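Chemist: Residues 1 to 124 (the UniProt record's numbering) make up the sequence shown, in order. Think of the CB as a built atom: it goes at the ideal place given N, C-alpha and C, for glycine as much as any other residue. Here the structure is a predicted model, which means the values were calculated and not measured. Here it is, the structure in full.
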Amino acid sequence: MSKFVNILTSSRYIVIRRTFTSTPVAHMKQWRISKGLSANRNAEGVLTDSPDYTFLDGRPTPLLVKQKKRMLKQQNYANQIVTLCSELDFAKQRHQDAVRAKEQERQDIIRNRLKPKGNAMFKK
Numbered sequence: 001m002s003k004f005v006n007i008l009t010s011s012r013y014i015v016i017r018r019t020f021t022s023t024p025v026a027h028m029k030q031w032r033i034s035k036g037l038s039a040n041r042n043a044e045g046v047l048t049d050s051p052d053y054t055f056l057d058g059r060p061t062p063l064l065v066k067q068k069k070r071m072l073k074q075q076n077y078a079n080q081i082v083t084l085c086s087e088l089d090f091a092k093q094r095h096q097d098a099v100r101a102k103e104q105e106r107q108d109i110i111r112n113r114l115k116p117k118g119n120a121m122f123k124k
């Protein structure tokens, strides 16, 4: 733990200023990440994702503001993923079509080359 002590004296007051680094918090954050958990323990979990109360007759509880915001954010992420995946599939298909067209053009050029005429044609 690093300490920096700065003592200022004046005629009436003595001021002591200390700064500490919180290494246990950093180690705990690293440990949580290494175990596959979120860095902030309050970011997700039963207390965050579950409703605050339940109705006894089984009615669903309304979503909290942050729950709804989180759900909308996840839906936006899912929509972006689907859009980008479809664009990627389109680009792959377009590239394959371009490669096939190039190969077909090459085959057409080979097929339409000048052919031998006359007696050279019958010597095969």
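Under a three-way DSSP split, which group does Phe55 fall into?
Modeler: By 1-based counting over the sequence shown, the position of residue 55 is 55. Residue state, collapsed to three classes: coil.
Chemist: Taking Cβ positions only, does Lys66 come closer than 8 Å to chain C?
Modeler: Of the chains in the structure shown, none is chain C; there is only one protein chain.
Chemist: Measure the CB-CB distance between Thr54 and Thr48 and report whether it falls below 8 Å.
Modeler: By 1-based counting over the sequence shown, the position of residue 54 is 54. By 1-based counting over the sequence shown, the position of residue 48 is 48. For Thr54 and Thr48, no; Cβs fall outside 8 Å.
Chemist: What residue does the alpha helix (DSSP H) around Ser34 start on, and which one ends it?
Modeler: In the sequence shown, residue 34 corresponds to position 34, counting from 1. Where Ser34 is concerned, the enclosing alpha helix (DSSP H) stretches over 23 to 34.
Chemist: Cβ of Arg32 within 8 Å of Cβ of Ala43?
Modeler: On the sequence shown, position 32 is the one that residue 32 refers to. On the sequence shown, position 43 is the one that residue 43 refers to. For Arg32 and Ala43, no; Cβs fall outside 8 Å.
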